[in-house]
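Visitor: Sharing a structure below in structure tokens format, with a few things to ask.
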Amino acid sequence: MRLWGGKHCLLCDNEIESEVSWRSLFAQEQPSRVCGSCHEKFVQISGETCTICGRPLTLLEAEYRSGSVCLDCKRWEDDERWTGSLDKNIALYTYTNFTKEVIARFKFRGDYVLAEIFTADFLKALQVFQYDYIVPIPLSEERLYERGFNQAEAVIRAAGIVPSRVLTRVHTEKQSKKSRNERIHLEQVFNVESDLDLRGKTIMIVDDIYTTGSTLRHAAKLLKENGAVKVYSLTLAR
Ligand SMILES: [Zn+2]
Ligand SMILES: [Zn+2]
């Protein structure tokens, strides 16, 4: 358990209302590093969600869902190369403009301390899972140099957990320049480079945003090829 670290909101710098009342509102949770009104701006994902990617199903038209999964996930599952690669993704927040802004500030401005914003919700979401190793999606060396830190790893460490660096990047080319199709069919994005024995293990992957699900599925598939039995993922937003 971490100690109470500060009284000012990491986002708006307003004083966080009495520690006691704030904490008692969310009993048994981490003390928050954001004030109540900033925390409310994050739209937490709730209600019925796709059982694979965690996308809220309530907002989708019937034609974009197939039973308990969304159409995107159905397409992945229908492709035999990808069937069962990722068992389940949980996203903390909907990717609203506010969330986008906070994540961008955290990521691109190198505001490492902002990782603590997510700690309380991150730990709460993790409680649902049992896993052996928690693995951040790695950045390319190029991006790591640009940003100074890996944001997924920062979120894990801020929560007081030691990440297992199991994956490394194969190529450094910016994925955003490629089409969805190119990304999906890229040969290999990651390598497993670790002394850890993954056989029979359950892995929790952490990334910042779930977009197409391609990155996470590449990682999950590779981890399973290396013996993992279950691969979950947790993202800040989707
Ligand atoms: Zn605030
Ligand atoms: Zn889905």
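Convert by adding 14 to the 1-based position in the sequence shown; the result is the number in our numbering. Even for Gly, the Cβ is constructed at its ideal location relative to N, Cα and C. In this text the structure is predicted, and so the values were computed from the model without any measurement.
Pick helix, strand or coil for Ile217, following the three-state DSSP scheme.
Guide: DSSP places Ile217 in strand when its eight states are reduced to three.
Visitor: Helix, strand or coil for Arg69, going by three-state DSSP, please let me know.
Guide: Looking at Arg69 - three-state DSSP - the assignment turns out to be coil, as it is neither helix nor strand.
Visitor: For a test of the three-state rule: what should DSSP assign to Tyr107, helix, strand or coil?
Guide: Of the three classes helix, strand and coil, the one that applies to Tyr107 here is strand, per DSSP.
Visitor: If you check the beta carbons only, do Val149 and Val180 fall under 8 Å apart?
Guide: Yes, these two residues count as a Cβ contact at 8 Å.
Visitor: Just grab the DSSP bridge partners of Pro150 for me.
Guide: Note: Pro150 sits in a beta bridge opposite Val220.
Visitor: So if DSSP puts Ala251 in a beta bridge, which residue, or which two residues, is it bridged to?
Guide: Per DSSP, Tyr107, Ile223.
Visitor: With a threshold of 8 Å on Cβ separation, who are the neighbours of Cys23 within its own chain once the five nearest residues in sequence on each side are excluded?
Guide: Closer than 8 Å at the Cβ level, and outside the excluded window around Cys23, lie Glu29, Ile30, Arg47, Val48, Cys49, Cys52.
Visitor: To the nearest angstrom, how far is it from the Cα of Cys26 to the Cα of Asp93?
Guide: Near 45 Å, if we compare the C-alpha coordinates of Asp93 and Cys26.
Visitor: Assuming Tyr107 and Leu250 make a contact with CB atoms under 8 Å, what is their CB distance in whole Å?
Guide: Right, their Cβ atoms sit about 6 Å apart.
Visitor: Cβ of Ile66 within 7 Å of any heavy atom in ligand 2?
Guide: Ile66 Cβ: within cutoff of ligand 2.
Visitor: Just checking Val83 against ligand 2 - is the residue's beta carbon closer than 7 Å to any of the ligand's heavy atoms?
Guide: It does: the Cβ of Val83 is within 7 Å (strictly closer) of some heavy atom of ligand 2.
Visitor: So, under 8 Å CB-CB, Val206 and Asn240 are touching, yes? Tell me the CB distance rounded to an integer number of Å.
Guide: That belief holds up - the Cβ atoms of Val206 and Asn240 are roughly 5 Å apart, short of 8 Å.
Visitor: What number of angstroms, rounded off, separates the C-alpha of Lys21 from the C-alpha of Leu128?
Guide: Approximately 14 Å between the Cα atoms of the pair.
Visitor: Specify the secondary structure class of Lys102 as computed by DSSP and reduced to three states.
Guide: Note: Lys102 maps to strand in three-state DSSP.
Visitor: Relative to ligand 1, what is the chain-ordered list of residues with a Cβ closer than 7 Å to any of its non-hydrogen atoms?
Guide: Residues with a Cβ closer than 7 Å to any heavy atom of ligand 1, in chain order: Cys23, Leu25, Cys26, Asn28, Val48, Cys49, Ser51, Cys52.
Visitor: Measuring straight from C-alpha to C-alpha, what distance separates Ile59 and Thr229?
Guide: Spanning the two alpha carbons is a distance of roughly 21 Å.
Visitor: When the distance is taken between beta carbons, is Leu71 closer than 8 Å to Glu77?
Guide: Cβ atoms of Glu77 and Leu71: not closer than 8 Å.
Visitor: Is the CB-CB distance between Ile131 and Asn103 below 8 Å?
Guide: No, these two residues do not count as a Cβ contact at 8 Å.
Visitor: Do you know whose CA, among Lys238, Asp209, Gln141, His232, lies nearest Asp221's CA?
Guide: Checked all of Lys238, Asp209, Gln141, His232; the closest Cα to Asp221 is His232.
Visitor: Taking a contact to mean a Cβ-Cβ separation below 8 Å, would you say Gln165 touches Phe120 in this structure?
Guide: Yes, the pair counts as a contact, with Cβ atoms nearer than the cut-off.
Visitor: Return the Cβ separation of Ser99 and Lys235 in integer angstroms, given the expectation that the two are a contact with Cβ distance under 8 Å.
Guide: The pair is a contact, with the Cβ atoms about 4 Å apart (cut-off 8 Å).
Visitor: How big is the Cα-Cα spacing for Leu17 and Ser80?
Guide: Bear in mind that the predicted position of Leu17 carries a pLDDT of just 44, short of 50, making it too unreliable to give a figure here.
Visitor: In the DSSP assignment, what residue or residues form a beta bridge with Cys87?
Guide: Cys87 pairs with nothing; no bridge assigned.
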